[in-house]
Amino acid sequence: MKILGHRGAAGTSPENTILSFARGLELGVDGFEFDVQLSRDGEVVICHDERVDRTSDGNGWVKNFTLTELKKLNFGVQFNKYAPIPTLVELLEMLTGRSLILNVEIKTGLIEYPGIVGKVAQLLEKYQVTPQSIISSFEHKTIVEVIENYPHLKTGLLYDCGLISPWLYAQNLGASHLHPHFAFVTPELVRESHLRGIGVHTWTVDEPWEMERVAISGADIVITNYPERFI
Ligand code: G3P
Ligand code: CA
């Protein structure tokens with residue numbers, strides 16, 4: 003089972019910042035999960051929430067800030083550190099030359115970000131990391147957009163509810179992976195998915211009992227805030 007750092011290594015460093023990704027590298031993760039939004043001037047930035055309030059010293063919607071304005075905020079406040087918001091380009095440059103798995107979660111639930119799928123796909127291509135990248139989203143219409151326009155990209159259907167035969171759902175949509183919350187991971191789910199060539203990546207596994215459940219299931223990738231607990 004591969005281990006991805008959630009939002010970098012968010013249990014011990016400011017989530018979705020370069021500090022957090024650097025910490026994950028130190029810990030020896032197999033890759034990272036992180037979230038992307040668009041700034042007012044169309045830059046792909048790494049941030050979980052649609053607003054900056056929870057994770058920075060500013061307030062407002064990410065989409066209403068230009069990149070220059072976002073860069074003036076401190077996204078390290080939760081850990082009493084200084085950490086500016088990273089762009090996807092900055093993260094890809096930082097990770098150049100490493101064969102890490104990159105799980106880009108596109109946050110299109112609350113806000114529509116026209117063109118975000120194309121921008122992400124082009125950057126992954128430019129930095130030659132498409133083969134090891136997975137685009138995931140809770141918004142399955144965004145996943146369908148990826149499948150239709152970038153069929154060579156891996157896709158992950160995020161969900162946190164009980165679905166009947168999710169492996170058939172993924173197969174019918176043409177998604178390559180299921181991304182269930184760990185509470186919905188069972189050996190049957192993994193077996194039925196693997197039989198159809200569909201991978202199972204699960205989140206956010208932070209406690210030993212959660213990891214035991216997932217390990218028994220045979221899932222392919224586990225996403226954790228605390229890679230140091232499991233590596
Ligand atoms: O991609 C797994 C996980 O990050 C999804 O939930 O809210 O942490 O983005 P959330
Ligand atoms: Ca996420």
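Going by our numbering, the final residue of the sequence shown carries number 233, and the count climbs one at a time with no gaps. Ideal Cβ positions, reconstructed from N, Cα and C, are used throughout, including at glycine.
CA-to-CA distance, residue j to residue i, given in whole angstroms
| i | j | result |
| --- | --- | --- |
| residue 85 | residue 230 | 21 Å |
| residue 132 | residue 200 | 18 Å |
| residue 71 | residue 110 | 22 Å |
| residue 222 | residue 10 | 19 Å |
| residue 125 | residue 30 | 24 Å |
| residue 36 | residue 87 | 12 Å |
| residue 194 | residue 185 | 17 Å |
| residue 105 | residue 155 | 11 Å |
| residue 119 | residue 93 | 17 Å |
| residue 27 | residue 170 | 36 Å |
| residue 23 | residue 122 | 18 Å |
| residue 116 | residue 108 | 12 Å |
| residue 206 | residue 181 | 10 Å |
| residue 63 | residue 34 | 24 Å |
| residue 203 | residue 55 | 29 Å |
| residue 198 | residue 216 | 20 Å |
| residue 25 | residue 101 | 17 Å |
| residue 138 | residue 213 | 21 Å |
| residue 16 | residue 32 | 19 Å |
| residue 14 | residue 6 | 15 Å |
| residue 220 | residue 4 | 11 Å |
| residue 136 | residue 82 | 32 Å |
Those residues which DSSP pairs with residue i across a bridge
| i | result |
| --- | --- |
| residue 212 | Residue 212 pairs with nothing; no bridge assigned. |
| residue 37 | 107 |
| residue 53 | 63 |
| residue 6 | 33, 225 |
| residue 48 | 38 |
| residue 204 | 224 |
Residue-level contact to chain C via CB, residue i, 7 Å cutoff
| i | result |
| --- | --- |
| residue 103 | No chain C appears in the structure shown, which is made up of a single protein chain. |
Do the segment 57-66 and the segment 75-89 make contact, defined as three or more Cβ pairs closer than 8 Å? yes
Between the segment 162-180 and the segment 115-134, do at least 3 Cβ pairs fall closer than 8 Å? no
Counting only runs that start and end within the segment 64-96, where is the alpha helix (DSSP H) found for 4 or more residues in a row? 69-73, 90-96
At 4 residues or longer, and completely inside the segment 134-199: list those alpha helix (DSSP H) runs for me, N to C. 142-151, 168-175, 189-197
Examine the Cβ distances between the segment 186-193 and the segment 135-154 and report whether three or more of them are shorter than 8 Å. no
Hey, which residues come within less than 5 Å of ligand 2, measuring from Cβ to any heavy atom, in chain order? 37, 107
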